[in-house]
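2 protein chains.
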Amino acid sequence: MNRGTLFVISAPSGTGKTTILKQVMAVVPGLSFSISHTTRSPRAGERDGVDYHFVDRDRFVAMREAGAFLEWAEVHGNFYGTSRATVEANLAAGADIILDIDVQGCRQVRATAGDAVSLFVVPPSWQELERRLTGRGTDNEETIRLRLANARKEMADIVDYDYVVVNDLLDSAVATMLAIIHAERSRHRRTAAGAPMQLPAL
Amino acid sequence: MNRGTLFVISAPSGTGKTTILKQVMAVVPGLSFSISHTTRSPRAGERDGVDYHFVDRDRFVAMREAGAFLEWAEVHGNFYGTSRATVEANLAAGADIILDIDVQGCRQVRATAGDAVSLFVVPPSWQELERRLTGRGTDNEETIRLRLANARKEMADIVDYDYVVVNDLLDSAVATMLAIIHAERSRHRRTAAGAPMQLPAL
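Listed below in structure tokens is the structure:
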């Protein structure tokens, strides 16, 4: 059994990361999202242990203090975290895990999980990013300006990522991400966990 | 202009590396073999600077002493070497170069060119490798035994390679190699040579 790979993907808002991920997850077997811990209340239809691990604030803080999270963040007053034990169990079972987190989360993962493979999705140009954010029609001008300013800040972290995926044409960005996953699965450090394939030990 | 990537591929005899390479080279743009230097005489139809750089023994030895080769080897009394300057010029021009060399050559490249990406092609099993070597009908039993013994020795170097490509089904081995090339071209350390894509500097 080869150990799984931990993939981390980040992108400025409006880059199309979610669409890419949806297409990639639909065609790659053995790749799944990690189930996060959160202190927010379950919404209608959400199930504990399926959508999230729902925990109270005390429990979350205790886990955090104990170093139980690969990364965590506070969003709108709620805590979200990725449990190291959950990810580790999946990787040990040979499953690949993908974390869809921002640059701050990725910095934490880099510090806590040495062998993560990180991808940064970028728009083909600033003009195109602005066009996409405007085209969504969901944000007012001020919010778009803020998102663009954040994008520029986040782009500074690009140097710490292993791969850069340019989302110019969606199909080509999906193909690049599929290639990265395929290639990483052929990495020697992963295949070597067991004997190489059916080849007997030398 | 992004810097090109130096790929190095090795495989035990009979693994099918040449067939894989032929198919890969036919579909990947911007990827070519390096033109080796050799002391052997040109064969009919071979052109200097196209098939090989033909040099005499003194010149080869002088180049070798001057550290001009990324790797070199003596085969049947002739010297063969890969010029560092030739490879460097190609990489600087953004071209990807592939070196088809054995494990000894790859060891030299690792020592002389830090950023090479190395691939090792393995058969799906020892039984299958023996079957393929026998099936070629070109070698007698003793030669096959020798090739298998060499394969086992070469396999010990697998731990030093970046990627392992299992040649079970040819199409799948080709797909894996294509994915590795595609992924490596998306590596941040390569795309970062210029500004990321058309994005202006931050």
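Which chain is which? The protein sequence lines are A and B, in order.
Per this note's numbering, the very first residue in the first sequence carries number 89; after that it's consecutive.
Per this note's numbering, the very first residue in the second sequence carries number 89; after that it's consecutive.
We put the CB at the ideal spot given by N, CA and C, even for glycine.
The structure presented is a predicted model; accordingly, all values stated were derived computationally and were not measured.
Bounding residues of the alpha helix (DSSP H) (the contiguous stretch that carries residue i)
{"i": "B/ASN178", "result": "172-180"}
{"i": "A/VAL112", "result": "105-115"}
{"i": "A/ILE186", "result": "A/ILE186 -> not in any alpha helix (DSSP H); beta strand (DSSP E) instead, spanning 184-188."}
{"i": "A/ILE123", "result": "Counting along the chain, A/ILE123 falls outside any alpha helix (DSSP H), and DSSP gives it neither H nor E."}
{"i": "B/VAL149", "result": "145-153"}
{"i": "A/VAL138", "result": "Counting along the chain, A/VAL138 falls outside any alpha helix (DSSP H), and DSSP gives it neither H nor E."}
{"i": "B/GLU242", "result": "229-243"}
{"i": "B/GLU134", "result": "No alpha helix (DSSP H) holds B/GLU134; DSSP gives it neither H nor E."}
{"i": "B/VAL247", "result": "No alpha helix (DSSP H) contains B/VAL247, which DSSP labels as neither H nor E."}
{"i": "B/ALA199", "result": "191-200"}
{"i": "B/LEU267", "result": "Note that residue 267 of chain B is Ala in the sequence shown, not Leu. B/ALA267 -> alpha helix (DSSP H) spans 258-273."}
{"i": "A/GLY223", "result": "214-224"}
Rounded straight-line distance, which links the Cα of residue j to that of residue i
{"i": "A/LEU119", "j": "A/ASP184", "result": "5 Å"}
{"i": "B/VAL210", "j": "B/GLY182", "result": "29 Å"}
{"i": "A/THR126", "j": "A/GLY155", "result": "16 Å"}
{"i": "B/GLU218", "j": "B/ILE232", "result": "8 Å"}
{"i": "B/ILE123", "j": "B/ARG220", "result": "29 Å"}
{"i": "A/GLU229", "j": "A/THR222", "result": "8 Å"}
{"i": "A/THR170", "j": "A/ALA161", "result": "9 Å"}
{"i": "B/CYS194", "j": "A/ASP250", "result": "24 Å"}
{"i": "B/ALA201", "j": "B/LEU158", "result": "7 Å"}
{"i": "B/ALA289", "j": "B/GLY104", "result": "Bear in mind that a pLDDT of 37 at B/ALA289, under 50, signals an unreliable position, so the model cannot answer this."}
{"i": "A/GLU134", "j": "A/ASP144", "result": "16 Å"}
{"i": "B/ARG91", "j": "A/GLY165", "result": "45 Å"}
{"i": "B/PHE95", "j": "A/ALA132", "result": "52 Å"}
{"i": "B/VAL247", "j": "A/GLU216", "result": "43 Å"}
{"i": "B/THR174", "j": "B/ARG152", "result": "14 Å"}
{"i": "B/ARG172", "j": "B/ARG277", "result": "21 Å"}
{"i": "B/ARG180", "j": "B/ALA204", "result": "According to the sequence shown, residue 180 of chain B is Ala rather than Arg. Approximately 14 Å between the Cα atoms of the pair."}
{"i": "A/LEU258", "j": "A/ILE108", "result": "7 Å"}
{"i": "A/PHE142", "j": "A/ALA99", "result": "26 Å"}
{"i": "B/ASP139", "j": "B/ILE186", "result": "15 Å"}
{"i": "B/LEU236", "j": "B/ILE269", "result": "29 Å"}
{"i": "B/LEU207", "j": "A/PRO130", "result": "47 Å"}
{"i": "A/ASP190", "j": "A/VAL262", "result": "19 Å"}
Short CB-CB distance (under 8 Å) between residue i and chain A
{"i": "B/VAL96", "result": "no"}
{"i": "B/SER101", "result": "no"}
{"i": "B/ALA271", "result": "yes"}
{"i": "B/ARG145", "result": "no"}
{"i": "B/ARG172", "result": "no"}
{"i": "B/ARG198", "result": "no"}
Residue i - containing beta strand (DSSP E), residue span
{"i": "B/ALA161", "result": "157-163"}
{"i": "A/SER101", "result": "Looking at the DSSP string, A/SER101 is not in any beta strand (DSSP E), and its letter there is neither H nor E."}
{"i": "B/SER206", "result": "205-210"}
Minimum Cβ-Cβ distance from residue i to chain B less than 8 Å
{"i": "A/ARG220", "result": "no"}
{"i": "A/GLY275", "result": "Reading off the sequence, residue 275 of chain A comes out as Arg, not Gly. Taking Cβ atoms only, chain B reaches closer than 8 Å to A/ARG275, which makes this a yes."}
{"i": "A/ASP184", "result": "no"}
* Could you please tell me which residues of the stretch 258-269 of chain A, in chain order, have their CB closer than 7 Å to any CB of chain B? => THR264, ALA267 and ILE268
* Asked: Which of the residues in the stretch 226-254 of chain A, read from start to end, lie with their CB under 9 Å from any CB of chain B?
  -> ARG240, LYS241, MET243, ALA244, ILE246, VAL247, ASP248, TYR249, ASP250, TYR251, VAL252, VAL253 and VAL254
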